[in-house]
Amino acid sequence: MIQYQTAKEIEKAIIFLVSAINKSGKNPKPVILHSILVGLNLTELDYPLHLIQAGILHDVIEDSDTKLEEIKKEFGEQVALIVAACTYDHAITDKTDQYKEATQRAKEFGNEALIIMAVDLIQNEPYYNQKDLTQYPWDKITYFINFAETYLKDEPIWDGLEAIKKKIYV
Numbered sequence: 002m003i004q005y006q007t008a009k010e011i012e013k014a015i016i017f018l019v020s021a022i023n024k025s026g027k028n029p030k031p032v033i034l035h036s037i038l039v040g041l042n043l044t045e046l047d048y049p050l051h052l053i054q055a056g057i058l059h060d061v062i063e064d065s066d067t068k069l070e071e072i073k074k075e076f077g078e079q080v081a082l083i084v085a086a087c088t089y090d091h092a093i094t095d096k097t098d099q100y101k102e103a104t105q106r107a108k109e110f111g112n113e114a115l116i117i118m119a120v121d122l123i124q125n126e127p128y129y130n131q132k133d134l135t136q137y138p139w140d141k142i143t144y145f146i147n148f149a150e151t152y153l154k155d156e157p158i159w160d161g162l163e164a165i166k167k168k169i170y171v
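If you count the sequence shown from 1, you need to add 1 to reach the numbering used here.
The structure is reproduced here in structure tokens:
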């Protein structure tokens with residue numbers, strides 16, 4: 002069971018996310034639901050509050066006009082730094098290079114950013130390669146799983162990546 006104060010802090014991140022997406026959302030995908038599911042997955046795996054909040058907010062910079070300073074002001078520097086580490090650099094135009102750069106930057110930040118990227122991948126996996134959504138090449142998924150294994154194989158989230166890995170190597 003989630004403690005009352007923890008639940009209030011998780012809800013604060015959800016309210017922030019919903020407000021930001023409603024004001025200036027740029028992504029046609031169900032980003033609010035996706036982001037909440039990322040946070041819930043982290044909650045179920047008993048990750049700390051700051052990581053749950055960062056998971057809920059991981060796409061808010063990319064998918065709205067929200068600035069990193071706003072996240073820092075509302076949730077503190079630790080959450081803001083994790084979100085920044087997981088945010089794609091859109092100045093990099095090649096999607097594969099963009100993904101690899103973000104993965105490398107997340108690794109440089111530490112396991113917490115890689116954990117967010119892992120949960121993001123797990124929550125997005127059912128949508129990959131559906132005809133009405135952007136195609137997501139399996140080589141990116143394979144790249145992340147192979148890259149992250151060294152850092153995340155002892156984390157609770159690894160089982161979810163392992164399940165996707167089994168689909169790839171069937």
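Ideal Cβ positions, reconstructed from N, Cα and C, are used throughout, including at glycine.
Local conformation of residue i per DSSP, three classes
i	result
Ser-36	helix
Asp-64	helix
Ile-57	helix
Ile-83	helix
Asn-42	helix
Glu-109	helix
His-51	helix
Ala-103	helix
Met-2	coil
Lys-191	As displayed, the chain neither begins before 2 nor continues past 171, which places residue 191 out of reach and without an answer.
Exposed unless 16 or more other CB atoms sit within 10 angstroms - verdict on residue i
i	result
Asn-23	exposed
Tyr-100	buried
Asp-121	buried
Asp-60	buried
Gly-40	buried
Gln-124	buried
Leu-34	exposed
Residue interval of the alpha helix (DSSP H) (run including residue i)
i	result
Glu-12	5-25
Asn-125	112-125
Tyr-152	139-153
Gly-77	It is not in any alpha helix (DSSP H) - Gly-77 carries neither H nor E in the DSSP assignment.
Lys-167	159-169
Cβ separation of residue i and residue j, assumed to be a contact under 8 Å, to the nearest whole Å
i	j	result
Ile-62	Ile-11	Wrong, their Cβ atoms sit about 19 Å apart, outside the cutoff.
Leu-50	Ile-72	Between Ile-72 and Leu-50 the Cβ distance is about 15 Å, and since that is not below 8 Å, they are no contact.
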